[in-house]
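Here is the structure we will look at, set down as structure tokens.
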Amino acid sequence: MVAAESENKLAHQLEQIVLAKIAADKLNLPPLPAVAMKLLTLIRDPDFSTRKVVGTLEQDPLLAARVLRTAKSAAYAAAGPVKSLEAAFTRLGAQKVKAILVEASAKKIFDSKDPEIATAFTAIWEHSIAVGLMTRDLIALTEGAELMDAGYLAGLLHDVGKPLMGAVLLDAEKGLERNREIVWVKSDVWLEAVRRTHRTVGVSLAEKWRLPEEIILAIKDCSDYDSVNRKSLANYVRFCNAAVKKVGIYPGPVDVDDAEALVMIGRSLLGLNDEIIGKISSGLAERVKQAA
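If you read the sequence shown in this note's numbering, its first letter stands for residue 34, the second for the next number, and so on.
In structure tokens, the structure reads:
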């Protein structure tokens with residue numbers, strides 16, 4: 034009991050440190066990489082120049098390679114071979130390329146040089162990919178292909194505040210080390226501190242990256258269904274988050290009864306049936322490993 038109280042107190046201390054940084058606008062959030070920012074700014078203009086976009090993309094070989102690899106993937110193979118970056122961009126379209134840029138930028142947030150932290154972040158990233166893939170597929174089946182990429186990004190980024198919190202907690206640890214009675218946090222204390230604050234941090238990042246409002250709302254409102262706007266992006270993410278937890282792709286313990294209840298509520302709210310749920314769940318773990 035004493036140990037539990039001590040751990041809860043520590044989690045509360047960490048939470049207060051983070052909230053204070055946010056309130057004082059002193060939380061260091063990573064900017065979008067320069068090339069990605071330039072590209073997203075160009076693509077926002079409905080009259081953008083494809084040649085200018087491609088020229089900017091060529092400034093980042095890793096992003097360019099990612100776009101080419103996606104255009105050559107099995108999902109687009111029927112359209113024939115891709116022989117240039119311009120052809121790849123044309124094949125994928127602006128919205129798909131935008132999703133690739135944001136995904137590549139977000140992936141860097143989940144990287145860490147510390148092996149233990151890297152393992153924890155990898156598990157969060159795999160959960161995020163699973164929610165992104167399931168949200169994308171669910172929206173494609175129920176709403177149409179034009180909203181797929183927004184659904185993928187909303188699902189992918191719904192927990193982006195967690196690795197950011199991890200970096201903040203490392204800074205917080207340094208401040209707490211002066212107290213010799215404090216031994217650095219166990220994983221459950223870390224997860225509790227993250228649980229309390231990661232949505233606020235995630236929204237702050239999404240706003241800094243100037244992501245679409247519907248994606249920001251999906252990050253912010255992922256914990257509650259919207260009974261008024263039943264087909265909101267946040268509701269799709271909320272359902273898929275619970276469904277992914279239910280199948281065990283999640284770091285840390287899962288309240289199975291809670292996940293089951295949220296899946297049942299989501300089924301009713303979104304008008305889903307067993308056939309649709311079976312399609313979006315099929316081979317999910319394998320697809321996550323391939324995408325990660």
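Beta carbons: idealized from backbone N, C-alpha and C, even for Gly.
Asked: Cβ neighbours of residue 325 in the same chain (closer than 8 Å, five flanking residues each side left out); Found: 155, 158, 159 and 162
Asked: Euclidean distance between Cα positions of residue 287 and residue 197; Found: 22 Å
Asked: Coarse secondary structure for residue 243, derived from DSSP in three states; Found: coil
Asked: Residue 269 in three-state terms, based on DSSP; Found: helix
Asked: Spatially closest choice to residue 20 from 314, 254, 190 and 228, by CA coordinates; Found: Any answer about residue 20 is impossible in this case: the structure gives the chain only from 34 up to 325.
Asked: Under the three-state DSSP convention, the category residue 188 falls into; Found: helix
Asked: Bounding residues of the alpha helix (DSSP H) (the contiguous stretch that carries residue 126); Found: Segment: none, residue 126 is in no alpha helix (DSSP H) and carries neither H nor E.
Asked: Residue of 233, 127 and 259 minimising C-alpha distance to residue 194; Found: 233
Asked: Under the three-state DSSP convention, the category residue 93 falls into; Found: coil
Asked: Contacts around residue 253, its chain only, beta-carbon distance under 7 Å, and the 5 residues preceding and following it disregarded; Found: 232 and 236
Asked: Buried versus exposed call for residue 117 [16 or more other C-beta atoms within 10 Å across all chains shown]; Found: exposed
Asked: Other residues of its chain near residue 248: CB distance less than 8 Å, five sequence neighbours each side excluded; Found: 183, 186, 187, 190, 239 and 266
Asked: Under the three-state DSSP convention, the category residue 197 falls into; Found: helix
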